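Residue -16 is where the sequence shown starts when you use our numbering, and the numbers rise one by one after that.
Built from N, CA and C at the ideal position, the CB exists for glycine as well.
All figures in this text were calculated on a predicted structure; none of them were measured in a lab.
A quick write-up on the structure given underneath.
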Amino acid sequence: SNGLACATCHTGHAAYQATFAKPYPHFVQMGSDNYGLKQVHLDEMVQLCMVGPMAAKPLDWKSKELAALVAYTQTQQKTFKPSTAAANPCAAKNPCAAKNPCAAKK
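Right, dumping it as structure tokens:
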């Protein structure tokens, strides 16, 4: 693990795309960009975050830890309201983003 936690990226519903409001399975940009997936289930998304941004080992599919993270994320999803403002990737300070689109060109 690189020391990141779920809250590193998602405190206060940060870094969730508008699709997070939709029932799983659904399209997730990170799943598409990093793994070529057209849609993911919530347990799969948790695992993708574990092995991707968090650089951790995946949880056992039948583990209480994975079930707890799925349940927690479901509660987060219930209170999530997508932003109606246009996204500004340069304004976001997301440590979990694969690339910073606003970084200076080398």
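Assuming Phe63 and Tyr(-1) form a contact by the criterion Cβ under 8 Å, report the distance between their Cβ atoms to the nearest whole angstrom. So it is a contact: roughly 6 Å between Cβ atoms.
Tell me the residue span of the alpha helix (DSSP H) that contains Ser15. Gln12 to Tyr18
For His24, the three-state DSSP class (helix, strand or coil): coil
Along the alpha helix (DSSP H) that carries Tyr55, what are the first and last residues, could you check? Lys47 to Lys61
Here's the rule: buried if 16 or more other CB atoms are within 10 angstroms of the residue's CB, otherwise exposed. What is Glu48? exposed
Taking the Cβ atom as the reference point for each residue, do Pro41 and Gln57 lie within a distance shorter than 8 Å? No, they are not a contact pair.
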